[in-house]
Amino acid sequence: MRKYEDTYRHKGLRKKLINSIKEKGITDERVLDAMMNIPRHFFLDTALDHIAYEDRAFPIREGQTISQPYTVAYQTQLLEIKPYEKILEIGTGSAYQATVLAEMGAIVFTIERKKGLFDLNKEFIFRKKYPNIKFFYGDGFEGLPTFAPFDKILITAAAPFIPPKLIEQLKPGGKMVIPLDEDGIQKMKRITKNEEGSYNEETFSNFSFVPMLKGKN
Ligand code: SAH
């Protein structure tokens with residue numbers, strides 16, 4: 023059995039990481055506080071414990087990655103999360119991003135297409151602490167029509183296009199943050215759905231994500 027310990031050393035490294043993210047331009051204190059409260063090393067293999075607080079992505083199982091902390095902060099800040107908002111996340115991965123949203127008081131519905139990762143999240147150590155995260159195994163392109171509409175939608179994989187079904191599942195006035203792939207580089211976009219169902223698009227910085235793929239496996 024793995025022992026989960028959040029030592030003073032971990033907390034110190036985490037503080038440094040949060041400060042460096044702040045220096046890179048993240049200003050939303052609620053995002054920074056949430057990330058300060060979550061031991062990122064719990065989401066990684068114990069072998070990566072000593073580097074868990076470097077600002078970089080790491081491999082998790084199934085050839086997938088836990089996003090870079092700066093990227094998590096960036097996407098979360100763009101979402102402008104408020105407590106009790108219903109958020110749909112595509113790409114659970116390690117569940118770190120879902121936990122940041124949950125820590126901010128959101129109600130999180132997260133979908134993963136890799137069965138192996140979905141099953142691992144059944145052992146999610148924070149299950150009791152965050153009953154506001156609901157895990158689903160499925161294809162994110164389909165969303166979760168049964169639970170729609172959502173206040174916000176977050177895609178954490180490189181999307182080849184804006185999934186129409188996800189736009190449908192967004193509330194009028196709702197926002198979607200999506201890394202949209204253009205020739206192998208992802209441009210961070212924020213989509214705001216209008217009352218009539220059309221949407222506005224804002225474009226932010228470039229990022230690099232693993233691909234959003236169709237179907238389950
Ligand atoms: N949010 C994650 C980042 C994971 S990387 C974290 O905090 O760790 C992106 C994840 O998206 C991978 O686990 C990948 O399997 C998943 N993914 C890719 N395409 C998907 C799809 N169509 N539906 C659901 N998950 C998908």
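Just so you know, my numbering puts 209 at position 187 of the sequence shown, and the rest follows in order with no gaps. We put the beta carbon where it would ideally sit given N, CA and C, even for glycine.
Less than 8 angstroms separates the beta-carbon of M57 from that of P91.
Here T178 is near Q119, since their CB atoms are less than 8 angstroms apart. Residue pairing by DSSP places A181 opposite L202 in a beta bridge.
Remark: the shortest separation between the CB of Q86 and any heavy atom of the ligand SAH falls under 7 angstroms. The ligand SAH never approaches V199 closely enough for any of its heavy atoms to be under 7 angstroms from the residue's Cβ. Distance from the CA atom of L139 to the CA atom of E223, rounded to whole angstroms, is 31 angstroms. The three-state reading of DSSP puts P167 in helix, counting H, G and I together. V122 is positioned such that its CB atom lies no closer than 8 angstroms to that of I175. For K156, the pairing in a beta bridge is given by DSSP as F131. For P186, the three-state secondary structure derived from DSSP is helix. Taking each of F231, E218, K156 and D71 in turn and checking the Cα distance to E111, the smallest one comes out for K156. Rounded to the nearest whole angstrom, the CA to CA distance from P233 to I73 is 25 angstroms. Around the Cβ of S89, a 10 Å sphere holds 16 or more other Cβ atoms; the residue is buried. N222 has T214 as its beta-bridge partners, per DSSP. If you look at K37, you'll find it isn't in any beta strand (DSSP E); it sits in the alpha helix (DSSP H) that goes Y30 to E45. Proximity to Y75 across I82, V130, F64 and K108 peaks at F64, based on C-alpha coordinates.
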